[in-house]
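If you read the sequence shown in UniProt numbering, its first letter stands for residue 1, the second for the next number, and so on. Please read the structure below before turning to the comments.
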Amino acid sequence: MATLEIKDLHVSVATDDGAKEILKGVDLTVRAGETHAIMGPNGSGKSTLSYAVAGHPKYEVTGGSVTLDGEDVLEMSVDERARAGLFLAMQYPVEVPGVSMSNFLRTAATAVRGEAPKLRTWVKEVKESMKELEIDPAFAERSVNEGFSGGEKKRHEILQLALLNPKIAILDETDSGLDVDALRVVSEGVNRFRASGESGVLLITHYTRILRHITPDFVHVFAGGRIVESGGSELADQLEAGGYVKYTGSPEAAGV
Ligand SMILES: Nc1ncnc2c1ncn2[C@@H]1O[C@H](COP(=O)(O)OP(=O)(O)OP(=O)(O)O)[C@@H](O)[C@H]1O
Ligand SMILES: [Mg+2]
């Protein structure tokens, strides 16, 4: 069973004024079958955590460890991490002009699965997943994310999730900018992914509305580069009612 274990993680980013420490000792364990929600103020380091786990070169790990099933993730290249079963749906998905969605998906699936999926079954698989996510088949021939609306990009992140079937999925604000119907469709996609019980989900969000569709087992409050409180799904409602002032002292001091 998959386990992502993050221990005392410290991460810095290079800025014009030198290295700036953003993550200041993150401890978090996500096991297969579990869904964790991370909520926290803007600028507290949530996306930095997801980038650091995924291996973004801008973020330097200065301390701590990240393991997936006991294997050292920090020693792995970005594509080794993907092959090992890590998946990141980015807060701001990148556009890749000139690469069609269908080519991109097949290349990604080939890399992650270790062999090219058989064309006939692959076409069927993609069609079914697109249908489930209510994505127009015409998108298959469009360049990756180019000119997609915010909500369309988020839907395509979940399409990748469905086709790549990772062990651990980190979804960074996948719910942001979705209309009510898209939120339902995307949530159903995540719930289908969770249903096997063989994968773990780390859901970064600002809103409890997605947590009504995808019930988390754990909710963590992220502030000042660390997890400052953890609880069950009821914690999300408390946050919605009370905000983060309790954890940050003042609304302005929420970041790092
Ligand atoms: N490349 C960078 N250069 C300078 N500062 C950075 C860089 N990347 C992140 N930071 C800073 O690190 C802090 C944490 O950013 P991060 O994107 O992780 O926050 P977040 O919790 O995801 O916020 P949001 O809820 O707004 O998405 C911010 O103050 C941000 O400006
Ligand atoms: Mg973010």
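All residues carry an ideal CB built from backbone N, CA and C; glycine is no exception.
Integer-rounded CB distance, given that residue j should sit under 8 Å from residue i
i	j	result
residue 50	residue 214	Between residue 214 and residue 50 the Cβ distance is about 17 Å, and since that is not below 8 Å, they are no contact.
residue 66	residue 9	6 Å
residue 223	residue 244	6 Å
residue 200	residue 177	Not really, about 25 Å apart at Cβ, beyond 8 Å.
residue 172	residue 186	No, residue 172 and residue 186 are not in contact; Cβ-Cβ is about 13 Å, not under 8 Å.
residue 226	residue 11	Rounded, the Cβ-Cβ distance is 11 Å, inconsistent with contact.
residue 84	residue 71	7 Å
C-beta contact flag for residue i and residue j at 8 Å
i	j	result
residue 143	residue 97	yes
residue 86	residue 52	no
residue 105	residue 123	no
residue 141	residue 100	yes
residue 108	residue 81	no
residue 40	residue 219	no
residue 241	residue 192	no
residue 2	residue 69	yes
residue 203	residue 37	yes
residue 153	residue 165	no
residue 34	residue 217	yes
residue 30	residue 210	no
residue 129	residue 159	yes
residue 198	residue 32	yes
residue 229	residue 247	yes
residue 64	residue 7	yes
Assigned secondary structure, residue i (DSSP; H/G/I helix, E/B strand, else coil)
i	result
residue 24	strand
residue 15	strand
residue 213	helix
residue 39	strand
residue 150	helix
residue 156	helix
residue 94	coil
residue 29	strand
residue 177	coil
residue 7	strand
residue 133	coil
residue 121	helix
residue 143	strand
residue 102	helix
residue 50	helix
residue 108	helix
residue 89	strand
Those residues which DSSP pairs with residue i across a bridge
i	result
residue 65	7
residue 200	168
residue 56	In DSSP, residue 56 forms no bridge with anything.
Query - Neighbouring residues (CB closer than 7 Å to any heavy atom of ligand 2) - result: 46, 47, 91, 172, 173, 204
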